[in-house]
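Here the structure is laid out as structure tokens; the discussion comes afterwards.
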């Protein structure tokens with residue numbers, strides 16, 4: 001059996017391309033076999049193939065998902081992201097292999113850095129739910145992976161300055177990179193063009209995509 005796969009998710013850019021393809025393959029198999037779509041069963045299979053539920057869970061269920069894998073069992077909580085926010089993906093024309101991004105991380109972290117990130121985790125989630133723009137702006141700070149992985153991205157200083165000079169609430173490294181995700185206010189109608197125009201003047205090429213929150217998850221057309 002041959003499949004033609006058409007995906008709009010760029011590969012090796014920190015956007016969960018492998019997870020989306022795994023979910024697609026499993027759902028296609030279910031469809032061919034005329035099996036009912038049990039999303040929890042699909043999640044279990046996809047997690048086993050991917051090795052963790054971090055990306056396959058939101059790909060299956062949509063919205064935002066917090067997930068934990070313990071003893072081959074996936075525990076998850078879904079939540080809706082406030083419509084106060086929209087997300088702008090800055091996708092470079094170069095890949096950042098996951099292994100290289102993982103190798104860039106230190107073996108150990110200080111207690112201070114661990115506490116720094118843990119204190120912001122709940123704030124990020126609650127701010128995304130409530131739509132509190134001021135709190136989210138502060139909570140996006142990170143000391144666990146961005147200080148080490150951002151160095152792998154050429155022109156990152158220029159990119160961050162361009163974002164900081166706009167009305168964006170903040171930005172973060174999507175997955176292991178190389179995509180930078182920018183958080184905008186829903187009524188911000190100027191930052192997208194401003195950021196794109198300035199990125200066009202840099203040496204590398206960048207695709208800028210305004211992304212909607214997928215509230216439905218995976219389904220067969």
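Numbering (UniProt numbering), first residue to last: 1 to 221.
Yeah, the Cβ is synthetic: ideal placement off N, Cα and C, and Gly gets one too.
Continuous alpha helix (DSSP H) stretch holding residue i: start and end
i           : result
residue 136 : 133 to 139
residue 155 : No alpha helix (DSSP H) holds residue 155; DSSP gives it neither H nor E.
residue 128 : 111 to 130
residue 192 : 191 to 199
residue 147 : 146 to 149
residue 216 : Where residue 216 is concerned, there is no enclosing alpha helix (DSSP H), given that its DSSP letter is neither H nor E.
residue 103 : 98 to 103
Buried or exposed (CB count within 10 angstroms, at least 16 for buried), residue i
i           : result
residue 33  : exposed
residue 50  : buried
residue 221 : exposed
residue 182 : buried
residue 120 : buried
residue 53  : buried
residue 102 : exposed
residue 29  : exposed
residue 107 : exposed
residue 55  : buried
residue 68  : exposed
residue 166 : buried
residue 110 : exposed
residue 92  : buried
residue 176 : buried
residue 35  : exposed
residue 7   : exposed
residue 19  : buried
residue 11  : exposed
Beta-ladder partner(s) of residue i, from DSSP
i           : result
residue 207 : 91
residue 170 : 183
Own chain residues within Cβ distance below 6 Å of residue i, not counting five before or after
i           : result
residue 65  : 57, 58, 76, 78
residue 39  : 60
residue 207 : 91
residue 13  : 91, 178, 179
Neighbourhood of residue i by C-beta distance below 7 Å, restricted to the same chain and skipping five residues each side
i           : result
residue 82  : 128, 129, 130, 131
residue 123 : 135, 139
residue 117 : 142, 143, 144
residue 218 : 23, 27, 59, 60
residue 47  : 53, 56, 69, 74
residue 213 : 63, 81
residue 204 : 92, 93, 94, 154, 155
residue 45  : 26
Contact set for residue i: own chain, Cβ-Cβ below 8 Å, skip 5 residues either direction
i           : result
residue 168 : 88, 182, 183, 184, 188, 191, 195
residue 186 : 83, 84, 85, 86
residue 158 : 202
Complete alpha helix (DSSP H) runs within the segment 16 to 89 (minimum length 4 residues, chain order): 17 to 32, 39 to 50, 56 to 61
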